[in-house]
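**Student:** Mind looking over this structure? Questions follow.
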Amino acid sequence: MPTVIYILDDGTREEVSVPVGTPVMKAAVANGIDGIVAECGGNLACSTCHVYVEDGWGALPALSEDEDDMLEATTAPRTEQSRLSCQLVMTPELDGLVVRVPESQV
Amino acid sequence: MTLTPTESGPPRSPVDPIAEISLAALNADPYPIYARLRAHEPVAWVPALGYHLVTRYEDIVTIERNPGVFSSAEDPSVVVRAIGKVLMRRDGESHRALRAAAEASFRPRAVRSWADRFRALADDLLDDLGGPGPGEADLFADYFRPLAARALAAVLGLRGVSDTELFNWSQDMIDGCANHAQDPAVWARNDAAVTALDAAVAASSEHFLANPDDSIVSAMLHVDPPLDVDDVQLNVRVIIAGGINELRDSGATATYALLTHPEQRAAVEADPTLWKRVFEEAVRWIAPIGMYPRQVVEDTQLAGVPLHRGARVGVVVASANRDERRFTAPDEFDIHAHTAGHLAFGSGPHFCLGAWMARICIGQIALPALFDRFEGLELANDIETRWAGWVFRGPLNLPVRWRRDRSCPQ
């Protein structure tokens, strides 16, 4: 099963096995990763599953207009690495994806 | 309740946190009751309501993660009786279809495009209140309430409707949505409000079908796939019933909180980026919508309590937001300490559609405009601020005074 590495705000690295087809947000919530709040449960209605993608850019899905809009509302500053983890659905190519969890989501 | 004699002192009641719950006590101040329920009976059957009240954060998150077990399509439903089968009482695709038509209009970018209008509406109301010399006002009745109504009328595109009509309709529908006692007088007011609001929406729709603009009613009629006028009316009922008092109460609560916490007020006046935190903390502290229902569609259990098919649960987000397992010193208003996610906007598929409207209109515009405007703003210490409600909660008045209107020359 492919894995995702979450780097928490305190620097801890948590490696989680994520089934293909599962959003990176859902895997974080299921594994109790601190700092992924995911208020709206993946409906692109909040922006509280914000992550910074550190490594694995090449295989990411394209940014939709709606995700782009919601990223304008993140609490931690948006950077070129910013994505909403509910929109990052696991694929075999994303194996080893590294995402950093921001200091704050709300 | 039976009283048990004790070896010394007067008779004492046995520990029974539930026996004492009355709707009147919840209405006056629900928070001590919620604290007892969280400690002793986190899934509590309350006969006076016919609901199990769920009061812990973790259990509420479980409910919202499992919409297939805890349905929003409650039946029978007092909300459906009041304002029809609106999106918040539907599940799945039927919910998606109604919500999707309005969603684009409520995303942050769309809401920000209205910022100048919101600012002008706020300034107009402050102009009416202000003037040379000291002043006083009831910010509930004279600022937040009319601002909420005017802001929603503007973004919806309702024409020829006064703010008084809108907030009266909103209140009449809110009372209908909470009419568990089936009071016929409440139904009569509710039904008259729905009829009048529907007529206003129908008139606006007729105009927008031929002349589209950037208003929400127009957007819902022209989105792909479009809503028909009946469904637009359903959505506008929700937006008015569930929008005006939330904008109003979040603003009034945040103002009260700052006026009673001078250090935090000084912090936000020195650093305006903190307004965002003020808003979020205010709705955590006193959630404008304190409880909403779900209905169990298959036998399950929650916190060890069996819940059978058909059982109704009251999701008490106001209590989750004070859960000591989640927040330290949860009864305190503290913009610096409480940064974990609150549940005032709900969570999951029914996450509040209007969250960004409230965050921007109230948190980013109405509150800073008010505090920037009046020097020496303080609570009027001879008039009490009164609070009520538990399903919906907020102040009933907000009497203040100030030394000087900064827009007037000294």
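Note that the protein sequences, when read in sequence, are chains A and B. Going by this note's numbering, the first sequence opens with residue 113, and the numbers climb by one from there. Going by this note's numbering, the second sequence opens with residue 871, and the numbers climb by one from there. Just so it is clear, CB atoms sit at the ideal spot from N, CA and C, and this is done for glycine as well. Given the structure is predicted, the values throughout are model-derived calculations rather than measurements.
(1) Would you kindly work out how many angstroms separate the C-alpha atoms of residue 218 (chain A) and residue 148 (chain A), rounded to a whole number?
(2) Counting only beta-carbon atoms, is residue 181 (chain A) nearer than 8 angstroms to chain B?
(3) On the DSSP letters alone, give me the boundaries of the beta strand (DSSP E) that residue 125 (chain A) sits inside.
(4) For the beta strand (DSSP E) containing residue 1162 (chain B), name the first residue and the last one.
(5) Tell me the DSSP secondary structure of residue 871 (chain B) in three-state form.
(6) Distance check for residue 923 (chain B) and residue 985 (chain B), CA to CA, integer angstroms please.
(7) Across which residues does DSSP place residue 1006 (chain B) in a beta bridge pair?
(8) For residue 904 (chain B), which residues of its own chain have a beta-carbon under 6 angstroms away from its beta-carbon, when the five flanking residues on both sides are left out?
(9) At a CB distance below 9 angstroms, what residues from the segment 1191 to 1213 of chain B approach chain A? Give them in sequence order.
(10) May I have a chain-ordered list of the alpha helix (DSSP H) segments no shorter than 4 residues that lie completely inside the segment 115 to 187 of chain A?
(11) Rank B:899, B:942 and B:920 by C-alpha distance to the C-alpha of residue 1162 (chain B) and give the top, closest one.
(12) By the 9 angstroms beta-carbon criterion, what residues does the segment 136 to 150 of chain A contribute toward chain B?
(13) DSSP three-state call for residue 193 (chain A): helix, strand or coil?
(14) Please give me, in chain order, every unbroken run of the beta strand (DSSP E) with length at least 3 that falls completely inside the segment 972 to 1008 of chain B.
(15) Is the CB of residue 158 (chain A) under 8 angstroms away from at least one CB in chain B?
(16) Taking the C-alpha atoms as reference points, what is the distance between residue 991 (chain B) and residue 1117 (chain B)?
(17) Determine the direct distance from the alpha carbon of residue 971 (chain B) to that of residue 1089 (chain B), and round the result to whole angstroms.
(18) So with CB distances below 7 angstroms, who are the chain B contacts of residue 122 (chain A)?
(19) Could you give the uninterrupted runs of the alpha helix (DSSP H) lying entirely in the segment 1047 to 1080 of chain B, keeping only those of 4 residues or more?
(20) Please say whether residue 1184 (chain B) and residue 935 (chain B) have beta carbons closer to each other than 8 angstroms?
(21) In three-state DSSP terms, what is residue 217 (chain A)?
(22) Could you tell me the boundaries of the alpha helix (DSSP H) in which residue 1134 (chain B) lies?
(23) Would you mind working out which of A:174, A:124, A:161 and A:168 sits nearest residue 188 (chain A), comparing C-alpha positions?
(24) Tell me, to the nearest whole angstrom, how far the beta carbon of residue 195 (chain A) is from that of residue 172 (chain A); I am working on the premise that it is less than 8 angstroms.
(25) So the beta strand (DSSP E) residue 937 (chain B) belongs to, where does it begin and stop?
(26) Please report the Cβ distance between residue 1214 (chain B) and residue 1153 (chain B), rounded to the nearest whole angstrom; I am assuming they are in contact, meaning their Cβ atoms lie under 8 angstroms.
(27) Residue 1267 (chain B) and residue 1045 (chain B) - do their beta-carbons sit closer together than 8 angstroms?
(28) Measure the C-alpha to C-alpha separation of residue 1139 (chain B) and residue 1203 (chain B) and round it to an integer number of angstroms.
(29) Flag this pair as yes or no: are the beta carbons of residue 1277 (chain B) and residue 1003 (chain B) separated by less than 8 angstroms?
(30) Is residue 942 (chain B) close to chain A? Criterion is C-beta to C-beta, closer than 8 angstroms.
(31) Below 8 angstroms, how does it come out for the segment 202 to 215 of chain A and the segment 889 to 900 of chain B: are there three or more Cβ pairs, yes or no?
(32) Starting from residue 921 (chain B), follow the beta strand (DSSP E) in both directions and report where the run begins and ends.
(33) Go ahead and pull the three-state DSSP assignment for residue 912 (chain B).
(34) Which one or two residues does DSSP pair with residue 1244 (chain B) in a beta bridge?
(35) Check the Cβ of residue 153 (chain A) against every Cβ in chain B and list those closer than 8 angstroms, keeping chain order.
(36) Buried or exposed for residue 1145 (chain B), please, with buried defined as at least 16 other CB atoms from any protein chain shown within 10 angstroms of its CB.
**Tutor:** In short, the structure shows the following:
(1) 10 angstroms
(2) yes
(3) 125 to 129
(4) 1162 to 1166
(5) Any reading at residue 871 (chain B) needs caution, since the residue's pLDDT is 32, under 50, leaving its predicted position unreliable; the model's value is listed next. Correct three-state label for residue 871 (chain B): coil.
(6) 38 angstroms
(7) B:1271
(8) 925 and 1189
(9) 1209, 1210, 1211, 1212 and 1213
(10) 136 to 142 and 177 to 183
(11) B:942
(12) 141, 149 and 150
(13) coil
(14) 1005 to 1008
(15) yes
(16) 14 angstroms
(17) 8 angstroms
(18) Simply none; closest approach about 15 angstroms.
(19) 1054 to 1080
(20) no
(21) coil
(22) 1132 to 1140
(23) A:161
(24) 7 angstroms
(25) Element bounds for residue 937 (chain B): n/a, residue is neither H nor E.
(26) 4 angstroms
(27) no
(28) 17 angstroms
(29) no
(30) no
(31) no
(32) 921 to 924
(33) coil
(34) B:1275
(35) 934, 935, 1217, 1218, 1219 and 1221
(36) buried
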